[in-house]
């Protein structure tokens with residue numbers, strides 16, 4: 006399909022919700038107000054680790070204006086967690102608190118001030134336990150247990166995977182390097198603080214409006230937590246004011262709002278303070294990494310052994326997936342014939358880590374790309390050439406059995422090298438200035454759901470009626486990335502109408518088919534494919550009806566410019582609304598489903614479910630920095646990034662995702678850190694958690710590379726997360742080019758740079774980074790055969806004929822995994 | 002949402018009325034001008050006054066006067082934006098214009114006043130936290146607690162002077178006019194401060210800073226440099242203000258004042274003394290920077306580590322002096 | 004205790020009965036249902052709640068209504084005139100400068116004040132003017148582009 010055959014796809018159009026957002030019309034969860042609404046507040050633990058001996062709410066209940074006070078005893082005693090393997094959370098802790106910020110009670114009152122005052126009147130007697138605030142602490146004190154479950158005391162998960170004969174690979178190498186890196190934890194910091202409004206109706210049914218990225222998972226879990234049939238619960242995702250992975254779990258405030266609404270008979274709103282947002286967290290894991298890689302003298306990777314220790318915080322959250330993700334995608338970017346991964350996630354008494362943009366992969370990407378830079382220097386190779394040399398092959402499997410489809414990384418490298426002037430600049434910029442490169446790949450949607458099932462990952466209904474209206478109903482959640490708009494563009498393309506003619510109704514569990522949520526960069530591909538299927542089913546009916554009216558074969562019809570017409574005789578046709586009337590007259594109600602489930606390609610080994618994806622995006626990034634040699638301040642001056650997005654359905658939106666990723670990556674590389682002292686978050690505020698401003702953000706040059714992936718809607722792959730990954734190592738590599746020091750841990754702060762420069766001047770190591778690794782024996786790995794280089798299987802036969810085309814008005818070869826009903 | 006505790010708001014229209022209201026309400030009352038320092042502190046329950054005496058409506062407090070003789074008098078209620086943009090301030094007192102323009106964000110500078118920034122509460126990352134947070138660490142002596150969490154053995158509070166304009170004004174030898182129950186008085190700005198994180202101001206609580214008076218510039222060159230992580234929002238974790246009066250190539254008089262290294266702006270007397278009567282050579286500048294560096298004792302209670310902040314004293318003082326000397330800003334590392 | 008105040012908001016006189024200690028942010032959102040003004044920290048540390056008072060960007064989370072009597076208050080709801088979007092709103096929508104849209108109202112108003120002050124600002128001047136508004140989605144690039152585009156169009160409309 007050539008690009009110029011598209012009417013809508015490929016155009017830089019405004020988002021369909023842009024107008025509402027620029028006039029302040031958009032109603033975020035905290036903007037909702039209802040009559041008789043009560044305001045809720047949670048009481049949170051001031052102890053990082055303590056037993057709860059007694060909670061007395063008498064004085065709080067007696068405060069005028071208080072409607073209800075609850076503790077964990079008022080909720081069903083069910084532990085929950087987003088992953089079935091980690092059911093370790095309580096909305097309101099009953100016996101024990103595991104971090105400062107754990108909720109222990111909740112109040113509903115006439116207003117927020119009263120609710121807050123009431124929480125201060127709740128008496129809680131704690132018996133403090135020894136807090137475990139680091140991986141070493143937790144491993145060193147197995148007698149102090151944060152949880153009763155886990156692979157070992159305080160070890161949530163320990164995994165080992167090996168693919169092929171590692172010793173042989175290293176033996177055949179000209180260079181084997183071992184390096185150690187540390188990636189500091191950081192948080193999403195969405196501008197919108199989480200908020201939820203619950204309304205327990207007189208009919209015994211519950212509605213929850215929430216700033217959530219995963220209304221479906223919240224829906225499922227609320228049913229368990231509140232012991233209420235799912236059919237009696239409705240979850241509506243309000244427009245989300247920034248998510249980045251921070252609004253992917255079910256949270257205490259959502260659950261408390263529901264229960265308080267039941268008890269008070271009023272709608273109840275709970276909005277978190279900024280400080281509470283730091284406590285709910287689920288952000289980037291601090292990860293300590295050891296990486297051993299073999300290279301031939303021309304730079305080819307022979308094998309890799311990678312170890313990661315994740316500081317998980319107090320709860321499981323997505324942590325098991327995070328752990329596997331630290332090891333899963335190394336093999337997707339470059340050819341790695343033999344690979345071994347060992348990872349462990351350790352519980353500590355800090356807010357739980359989880360998925361933040363790039364989930365589990367920026368940390369290993371930092372380690373690996375910095376190591377490659379070091380190896381290139383040792384081998385006398387240009388770092389860009391060395392990466393080109395190692396490009397993974399398209400349409401083959403990786404060592405760890407991941408199936409890769411299209412790869413645009415080679416073109417990405419070429420384009421950023423050219424645009425940045427890499428060749429002239431590297432090693433020859435004035436003192437203090439430097440340039441660095443790094444690459445990455447990322448999943449376009451997780452290949453498996455977080456709970457085992459055979460149902461679609463994304464469902465869509467497209468309906469049209471005599472008014473000419475086309476409505477798209479889909480469970481997907483727009484978190485600012487523009488997913489609602491993407492669905493509208495796809496429908497507009499298939500039906501030959503304008504995005505404005507379409508209304509998208511997202512994320513309402515009563516009205517919309519299930520979509521698993523806005524995570525893992527899955528919505529454009531999964532909801533997109535389902536949307537195209539639904540729209541094509543509608544179009545087929547329209548063609549049939551119009552064909553009868555015009556007395557032409559349906560195959561000769563096409564759509565465009567809000568008309569349905571005969572392709573070789575465009576005068577002959579009807580307007581789109583007329584066409585809908587014809588179709589509705591002929592077929593009755595026009596509402597068509599589309600469903601999508603990703604191909605089942607998970608590797609047949611334990612842990613093989615993390616990493617598979619219908620396809621992978623690729624990015625190459627060059628960063629130029631200016632390092633102040635006296636203060637150590639690192640100023641990124643320019644960034645060039647090329648991103649293989651498969652196809653840019655709307656280049657403007659893709660650029661926005663790429664630019665936002667660069668921004669967040671620069672923050673992580675240089676200043677953002679979620680750190681603790683005396684058991685508490687050191688600075689849970691917008692002022693002291695350093696988020697870059699306009700003044701810290703350099704000019705960004707975005708280059709989009711298109712590979713037209715067979716799995717994606719009209720060939721599209723993800724753009725929202727992958728472009729973050731190469732930024733951090735590119736900065737680190739540029740700092741080395743500028744001042745000759747290796748900062749092997751994030752964030753690359755001015756003090757670390759000055760310290761390393763000082764050491765270098767004194768003839769000591771020019772590397773600053775972690776020196777020690779935990780004493781830890783990983784479980785014995787079961788050696789699985791490397792699938793490296795095996796041909797890809799189960800690749801989609803372009804599921805949709807895509808743009809209006811007379812020869813193929815509907816799918817000719819159904820996607821093998823496209824819809825459950827098609828799989829028999 | 003973080004909310005203010007309840008209070009009564011009084012809006013006098015004259016300085017005299019404001020002084021009287023403060024006297025009438027005693028320790029229950031606090032002054033508020035721009036509110037950018039006090040309101041966040043009240044939301045975090047660091048202050049819980051039941052009466053606020055708002056100075057916004059006091060006309061006498063806003064605006065810049067030139068009473069003659071080259072003196073410039075800036076009303077304490079003048080916004081930081083107005084100070085940073087004022088043509089006379091920019092032309093004659095560059096350090097002040099820069100410092101005022103380096104406070105927090107454009108929005109905040111449209112609200113915050115010069116008087117407010119001069120009196121801005123000392124800061125500490127054990128103190129500038131919510132009530133719940135401070136409770137979790139058992140509070141500190143600056144509010145609700147017994148000990149200093151930065152230096153637990155110390156009898157005093159080590160919160161950090163975090164004003165940008167104070168070091169600049171001090172280096173410019175400014176004075177402040179105070180109005181209180183006992184009438185008006187004018188003191189050198191340097192006398193407004195003392196090295197205690199809690200009682201960091203020498204003025205009486207009921208006294209109002211009404212005006213900041215700058216002496217004739219007399220050809221002085223001044224500069225203010227600020228160390229912070231971001232170009233906006235952040236308080237200084239080090240501020241260096243330097244003012245030089247020159248006789249041709251020779252330094253006649255010098256004043257170097259450091260911000261954010263103690264509970265008050267810290268004058269680097271020895272460093273300045275080295276410069277007097279000398280030409281500003283790179284070598285002399287390095288010696289002066291070294292002299293300023295040695296006594297600086299930042300503690301671990303702001304952004305960036307205190308050893309780094311101390312190290313940067315030398316770099317920033319040298320940079321400030323190099324800029325005044327017209328030398329290239331950075332020495333070859 | 005509740006106080007009756009008259010505020011001039013988006014050109015309209017509004018009577019408000021609210022406790023003195025409620026901030027302008029709270030009064031706008033909770034008493035007047037002008038929820039276009041958002042909040043991100045309520046401590047003056049993010050710029051999200053920016054509104055204009057007498058044409059200058061200020062933080063509504065640190066402003067008291069009693070201090071704003073007799074002054075012109077403008078929120079994002081007051082930017083479009085008679086159903087016509089302000090050129091900044093138009094440019095932000097067209098160029099994808101609003102992703103999640105949560106910081107957008109504050110940024111639009113800050114930019115409006117900038118363009119009143121400097122009709123055709125340089126990119127650096129725009130960065131300085133917007134340095135008090137955090138955005139976590141966009142990387143600011145499209146925001147700066149949109150302000151430039153709006154400035155260009157407003158200049159074109161004047162000449």
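Residue numbers (our numbering), protein chains in the order written: chain A, 6 to 829; chain B, 2 to 334; chain C, 4 to 162. Cβ atoms here follow ideal geometry from the backbone N, Cα and C, with glycine treated the same way.
Should residue i be labelled buried (16 or more other beta-carbon atoms within 10 Å of its own) or exposed?
| i | result |
| --- | --- |
| residue 592 of chain A | exposed |
| residue 457 of chain A | exposed |
| residue 16 of chain C | exposed |
| residue 514 of chain A | buried |
| residue 101 of chain B | buried |
| residue 17 of chain B | exposed |
| residue 155 of chain A | buried |
| residue 616 of chain A | buried |
| residue 4 of chain C | exposed |
| residue 802 of chain A | exposed |
Cβ of residue i within 9 angstroms of Cβ of residue j?
| i | j | result |
| --- | --- | --- |
| residue 625 of chain A | residue 443 of chain A | yes |
| residue 343 of chain A | residue 783 of chain A | no |
| residue 531 of chain A | residue 601 of chain A | yes |
| residue 250 of chain A | residue 524 of chain A | yes |
| residue 646 of chain A | residue 728 of chain A | yes |
| residue 117 of chain B | residue 37 of chain B | yes |
| residue 321 of chain A | residue 86 of chain A | yes |
| residue 127 of chain A | residue 109 of chain A | yes |
| residue 428 of chain A | residue 738 of chain A | no |
| residue 182 of chain A | residue 151 of chain A | no |
| residue 497 of chain A | residue 265 of chain A | no |
| residue 671 of chain A | residue 701 of chain A | yes |
Taking C-alpha atoms, which residue in the options lies nearest to residue i?
| i | options | result |
| --- | --- | --- |
| residue 752 of chain A | A:744, A:736, A:763, A:767 | A:736 |
| residue 75 of chain B | B:237, B:140, B:97, B:311 | B:97 |
| residue 296 of chain B | B:312, B:110, B:176 | B:312 |
| residue 340 of chain A | A:693, A:800, A:791, A:707 | A:791 |
| residue 487 of chain A | A:656, A:202, A:438, A:713 | A:656 |
| residue 121 of chain A | A:139, A:225, A:427, A:47 | A:47 |
| residue 681 of chain A | A:357, A:389, A:179 | A:357 |
| residue 351 of chain A | A:605, A:143, A:287 | A:143 |
| residue 740 of chain A | A:432, A:719, A:166, A:691 | A:432 |
| residue 28 of chain C | C:148, C:14, C:64 | C:64 |
| residue 1 of chain C | C:4, C:53, C:35 | No information on residue 1 of chain C is available, as it lies outside the stretch 4 to 162 that chain C covers here. |
| residue 253 of chain B | B:276, B:168, B:260 | B:276 |
Quick one: does the C-beta of residue i sit closer than 8 angstroms to a heavy atom of the ligand ATP?
| i | result |
| --- | --- |
| residue 539 of chain A | The model on display carries no ligand, and the ligand ATP is accordingly not part of it. |
Using the DSSP secondary-structure output, state which residues sit across from residue i in a beta bridge.
| i | result |
| --- | --- |
| residue 215 of chain A | A:201, A:242 |
| residue 132 of chain A | A:56 |
| residue 457 of chain A | Paired residue(s): none; residue 457 of chain A is not in a bridge. |
Original post:
Fully enclosed by the stretch 65-131 of chain B, which beta strand (DSSP E) runs are 3 residues long or longer?
Top reply: 65-69, 72-76
Subject >> In chain order, each beta strand (DSSP E) run of at least 3 residues that lies wholly inside the stretch 53-107 of chain A >> reply: 55-61, 71-76
Original post:
Which residue spans inside the stretch 243-317 of chain A form an unbroken beta strand (DSSP E) run of at least 3?
Top reply: 273-276, 292-300
Original post:
Which runs of the alpha helix (DSSP H) fall wholly inside the stretch 707-784 of chain A and span at least 4 residues, in chain order?
Top reply: 732-744, 755-766
**OP:** Taking only runs that begin and end inside the stretch 506-573 of chain A, name each unbroken beta strand (DSSP E) of 3 or more residues, in chain order.
**Re:** 507-511, 562-565, 568-571
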